[in-house]
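Numbering (my numbering), first residue to last: 3 to 291. We put the beta carbon where it would ideally sit given N, CA and C, even for glycine. As the structure is a computational prediction, the values presented were derived from the model and not from experiment. Structure first, commentary second.
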Amino acid sequence: MTDPAFEPISIQSLYFTGISHCDVLRLDQVHPVISGNKWFKLKYHLQNAIEEKKKGIITFGGAYSNHLVATAAACKLHNLQSIGLVRGEEPEDYSHTLRNCIEFGMQLIFLSRQKYSAKEIPEDYLNDFHIVNEGGYGVAGAMGASEIISGEMPCYTHIVCAVGTGTMLAGLINGMKCPNVIGVSVLKGNYEVEKNVKDIVVTDKINWSVIHDYHFGGYAKHPKQLIDYMNDLYSATGIPTDIVYTSKLFYAVEDLARKGFFPDKSKVLIIHSGGIQGNYSLEKGTLIY
Ligand SMILES: *Cc1c(COP(=O)(O)O)cnc(C)c1O
């Protein structure tokens, strides 16, 4: 496995009613299993772990966490150990995500929901392991994400991305490549996220906002309307999206555009941040891809 950060990332044009020019940055294509934005968010964590001569990285996540599996894979690539503290009791049947984590050599430790919420690192690992927050939230993650848009890329009036912890959004703002950056939150009523973004943003030169209207019922909720949209989008464009993040993002952009959100002559870049591995939790046949 090569480091996907070195893969050329392709841009695909898309036609949405109400946007003069719309492109998609296909971070989903950097690796079939590991979601695109996580590599960027982990870059400086990996560097720190190596420089500080740690044995590896310890982090947190749920049984379907893109962050957990990306951490496992990235650590394997750099010959670091990885430990995942997983929310909830050990399941009888491991999710596809957890099985992947194990294949990449991650040691899994299951914590009761109560213990998990305390976010305590077991003492044995405190000194030898570099700690990464749940979802990779923080300054180092944002620093990596600020490199998602390279200098050679054409100019856009708007960048639009999905928002979980807001780390990628903060990175895109800090990267200062476009005057407007818009995040689409995939959690229901997560109004703290603006503050979390503010805390790791280092510039006031960019207009940015988070839109909270496209969560489809909450984190990882995927009603039939969303599944139908994912299949329709794939038929029309060949772009696969995931149930947690990017389907809601594309739906939001198309809906906002139809409602006249983007001024005339807008040039919009949608960040396809990957996450396709999350679709393996769906029943076979739900999606046409
Ligand atoms: C983790 C993830 C996000 C959210 O990134 P944050 O930096 O936590 O906001 C968006 N899209 C995909 C596919 C992800 O896996």
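- Contact holds between the region 142-158 and the region 178-188, because three or more Cβ pairs, one in each stretch, are under 8 Å apart.
- When the alpha-carbon of L87 is set against those of Q49, E53, I52, I133, the nearest one is in I133.
- By the C-beta density criterion, K207 is exposed, having fewer than 16 other C-beta atoms within 10 angstroms.
- According to DSSP, A222 shares a beta bridge with no other residue.
- At least one heavy atom of ligand 1 lies less than 7 Å from the C-beta of A164.
- Relative to F62, the option among I123, T169, F18 whose CA is nearest is I123.
- Distances from the alpha-carbon of V162 to those of Y96, G191, D25 put D25 closest.
- In this structure, the straight-line span from the alpha carbon of E136 to that of A120 is close to 12 Å.
- Look at A75 here: in three-state DSSP terms it is helix.
- Separation of the CB atoms of G276 and L27 is rounded to 11 Å, and the pair is thereby denied contact status at 8 Å.
- Residue nearest to H80 within the set G64, A51, L100 is A51 (criterion: CA-CA distance).
- Boundaries of the beta strand (DSSP E) harbouring N182: 182-187, taken from the DSSP string.
- Contiguous alpha helix (DSSP H) elements confined to the region 69-153 occur at 98-105, 115-120, 125-128, 141-147, taking only those with 4 or more residues.
- Bridge partners of I273 according to DSSP: L27.
- Of the heavy atoms belonging to ligand 1, none sits nearer than 7 Å to the Cβ of G177.
- Relative to ligand 1, K200 has its C-beta separated by 7 Å or more from all heavy atoms.
- Per the coordinates, the alpha-carbon of T205 lies some 8 Å from the alpha-carbon of I175.
- Within the same chain, and ignoring the five residues on either side of T239 in sequence, the residues whose Cβ sits closer than 7 Å to its Cβ are L16.
- Your pair I241 and Q49 does not check out as a contact, with CB atoms roughly 32 Å apart and the cut at 8 Å.
- With fewer than 16 other CB atoms across the displayed protein chains lying within 10 angstroms of its CB, I290 is exposed.
- Bridge partners of L16 according to DSSP: C24.
- For A164, the enclosing beta strand (DSSP E) starts and ends at 160-165.
- A residue is called buried when at least 16 other Cβ atoms come within 10 angstroms of its Cβ; Q116 does not meet this threshold and is exposed.
- Separation of the CB atoms of H224 and G191 is rounded to 18 Å, and the pair is thereby denied contact status at 8 Å.
- Taking 8 Å as the cut-off, the beta carbon of V195 is found closer than this to the beta carbon of V165.
- In terms of Cβ geometry, G220 and L189 form a close pair [threshold 8 Å].
- A heavy atom of ligand 1 is found nearer than 7 Å to the CB of N68.
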